[in-house]
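Everything on this sheet refers to the single structure shown next.
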Amino acid sequence: SVFHLAASDHEEAIVEMAFQTTGHIVNNLYSLHFAIMVDSFQDAVKCLSEFACNASFPDTSMEAIRLIRTCADYVHQKPQLYSEYCLEDGSVSEEDRAWVRGWFPLLFELSCIVSRCKLDVRTRALTVLFEIVKTHGDAFRPHWWKDLFQVLFRIFDNMKLPEHHTEKAEWMTTTCNHALYAIVDVFTQYFDVLGPLLLSDLYVQLHWCVQQANEQLARSGTNCLENLVISNGLKFSEDTWAKTCQCVLDMFKCTIPTDLLTWTHTQEVENVRPGILKRSNSTFSVHSNNSITSDDIALSKMGSMFTALLIKCVVQLELIQTVDNIIFYPATSRKEDQENLALAQADVLDWEDASLSEQQKEEQGMYGSLSSSHLLQLTECLMQSHRFAKEFNSNHEQRNLLWKAGFKGSAKPNLLQQETQSLACVLRVLFKMAGDENRRNAWAAVQGRLIAVCKEALEYFLSLQSEAHREAWTCILLLILTRILKMSDDRFGAHASSYYSLLCELMCFDLKPELRSVLRRFFLRIGPVFNIT
């Protein structure tokens with residue numbers, strides 16, 4: 008307790024002397040006599056934590072964290088000592104004493120350093136905490152993991168985050184972000200134990216992250232979900248996939264920026280009510296010459312709302328990419344778009360050979376691990392995202408209103424990427440399912456849905472007035488036509504008869520050469536399939 012008091016002192020000589028003595032105990036005496044000193048272990052770790060939290064001596068803080076790392080080796084090397092020499096602790100079972108008296112105090116104190124210290128010290132403490140967990144987690148029992156994750160998830164606890172906006176933003180961008188990726192790494196390393204125990208809790212945490220008004224953390228929530236599923240998806244049970252798909256659906260639902268369609272400037276002004284401005288929360292300078300008016304408050308609220316809406320737009324795009332990467336593996340879809348374009352530009356004659364080479368590609372994504380119902384569930388939420396983007400992009404009056412209010416830069420806002428990327432992912436999934444021999448029982452449902460989606464897409468393209476908007480859809484049309492051309496005659500005929508009139512209308516547009524080339528090939532194939540000579 009004397010060293011604990013000295014650790015928080017402001018006198019350099021006192022702190023230095025106490026730290027040297029504590030270091031001597033940990034480095035030398037523990038290595039020789041740990042068996043008879045084991046009862047002092049918790050006090051030593053608590054003392055080191057106090058040294059680490061003394062902001063006046065940053066070098067000592069870093070060295071204290073290093074010594075805590077050393078303490079972990081003592082617990083690992085001689086866990087039996089806690090059972091043999093802590094006999095008076097009858098409230099704790101013998102098998103749990105190493106956790107209660109060794110591992111947990113050590114990891115808990117590191118988490119306290121994270122919550123109390125400035126960025127450089129807390130980052131080091133967080134790194135060491137996860138190093139210990141990754142190195143020694145093999146020795147942890149299932150209920151120990153539950154205790155540990157209760158401590159880890161406190162890092163994200165809203166009630167414990169800094170109140171000041173700038174500090175909170177820094178905490179989310181740095182510490183929360185770092186912790187999130189580290190937690191997913193731990194989950195991947197020990198998935199066989201942690202998956203059944205804590206996956207639902209982790210999904211709740213990821214769901215929380217994507218809802219925060221912090222772009223970096225929101226992006227990380229989707230990226231970590233992707234990393235987790237790609238790394239461990241082959242081990243998922245049907246129930247785990249159900250939870251995973253539900254997590255994705257919940258993320259999509261809570262981040263659709265519906266307010267984009269309903270926002271009005273008068274709505275912001277009406278929301279401002281006279282009240283007392285608390286200085287602690289004020290973002291205005293005390294040196295300002297102008298008094299704070301309701302217009303100032305409205306502008307501030309509007310800026311915050313626009314930022315939140317922009318983050319939701321970003322998260323929607325990230326989620327679309329996450330679903331695509333999970334199902335097909337990262338970069339696979341981009342390569343397919345490049346191949347479709349190359350085929351069209353070269354005006355390749357042998358589409359059957361192209362189809363065969365596609366089938367021979369090694370399956371890397373999680374497509375084969377997902378049930379047909381889960382795949383269709385994911386396509387449905389992607390279609391909801393697509394239709395929302397389509398509705399917004401078609402609402403020119405609302406887009407002008409937002410543009411004039413300063414939303415999303417100097418150009419009129421649009422959700423073109425969300426509109427096209429979500430639909431492209433849906434089409435890839437449905438086309439793949441339609442040709443998958445292992446999913447014969449779902450073919451009828453998939454065929455019906457695929458024809459409906461393609462028809463909706465072609466009708467929408469024909470309604471577009473902007474040349475730039477039509478150009479953004481080139482990859483979608485190439486995808487649809489190329490995939491249909493690779494089908495058998497029977498299936499090609501079913502699709503061609505459904506879109507024939509729409510494709511005739513398509514010829515009236517000034518299309519890109521590669522699109523004209525594929526459309527020509529499409530009509531040339533209609534001849535033999537329908538016995539037209």
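The opening residue of the sequence shown carries number 8 in the numbering used here; numbering runs sequentially from there. From the three backbone atoms N, C-alpha and C, an ideal C-beta is built for every residue, glycine too.
Check                                                                                                          : Outcome
At least 3 beta-carbon pairs within less than 8 Å: the segment 525–535 vs the segment 463–474                  : no
Residue 422 versus residue 139 - alpha carbon distance                                                         : 44 Å
Cβ distance (whole Å) where residue 409 is taken to contact residue 267 below 8 Å                              : 7 Å
Burial state of residue 486 (16 or more Cβ within 10 Å)                                                        : buried
Span separating the alpha-carbon of residue 468 from that of residue 219                                       : 35 Å
Proximity winner among 241, 199 and 45, relative to residue 149 (alpha-carbon distances)                       : 199
Assigned secondary structure, residue 60 (DSSP; H/G/I helix, E/B strand, else coil)                            : coil
Three-way DSSP call (helix, strand, coil) for residue 161 in this model                                        : helix
Supposed close pair residue 385, residue 330 - CB separation, criterion 8 Å                                    : 6 Å
CB of residue 63 within 8 Å of CB of residue 17, strictly                                                      : yes
Cβ-based burial, residue 539 [other Cβ within 10 Å; buried from 16]                                            : exposed
Within-8 Å CB hit, residue 478 to chain B                                                                      : The question asks about chain B, but that chain is absent: this structure has only one protein chain.
Nearest-angstrom Cα separation, counted from residue 431 out to residue 517                                    : 22 Å
Exposure of residue 364, with buried meaning 16 or more beta-carbon neighbours within 10 Å                     : Because residue 364 sits at a pLDDT of 46, beneath the cut-off of 50, its placement in the model cannot be relied upon, and the following sentence gives the value as read from the coordinates. Burial call: exposed.
C-alpha gap between residue 415 and residue 344, whole angstroms                                               : 28 Å
Host alpha helix (DSSP H) of residue 5 (start-end)                                                             : The displayed coordinates of the chain run from 8 to 540. Any statement about residue 5 would go beyond what the structure contains.
Straight-line Cα distance separating residue 214 from residue 164                                              : 13 Å
Within 8 Å, strictly: CB atoms of residue 457 and residue 438                                                  : yes
Status (buried if at least 16 other CB within 10 Å, exposed otherwise) for residue 43                          : exposed
Coarse secondary structure for residue 413, derived from DSSP in three states                                  : coil
With 16 other Cβ atoms within 10 Å as the buried cut-off, status of residue 353                                : exposed
Within the segment 163–199, ranges of the beta strand (DSSP E) (whole runs, at least 3 residues)               : none
Among 378, 407, 403 and 428, the one whose alpha carbon lies nearest that of residue 390                       : 428
Any non-hydrogen atom of the ligand ZN within 7 Å of residue 34 CB                                             : The ligand ZN is not part of the structure shown, which contains no ligands of any sort.
Pairwise C-alpha distance: residue 183 and residue 216                                                         : 9 Å
Cβ shell of residue 424 (< 7 Å), same chain only, five flanking positions each side left out                   : 324
Inter-residue Cα distance where the pair is residue 74 and residue 377                                         : 46 Å
Buried versus exposed call for residue 271 [16 or more other C-beta atoms within 10 Å across all chains shown] : exposed
Beta carbon of residue 89 nearer than 8 Å to that of residue 37                                                : no
Proximal residues to residue 533 (C-beta, below 8 Å), its chain only, five neighbours per side dropped         : 503, 507 and 539
Residue 277 in three-state terms, based on DSSP                                                                : Note on residue 277: pLDDT 48, under 50, position unreliable in the model; the coordinate value appears next. Helix, per DSSP.
Cβ-based neighbour list, residue 41, same chain, cut-off 7 Å, excluding 5 preceding and 5 following            : 81, 85 and 88
Residue 269 burial status per 10 Å Cβ neighbour count (16 or more: buried)                                     : exposed
Cβ neighbour criterion (16 or more within 10 Å) applied to residue 76                                          : buried
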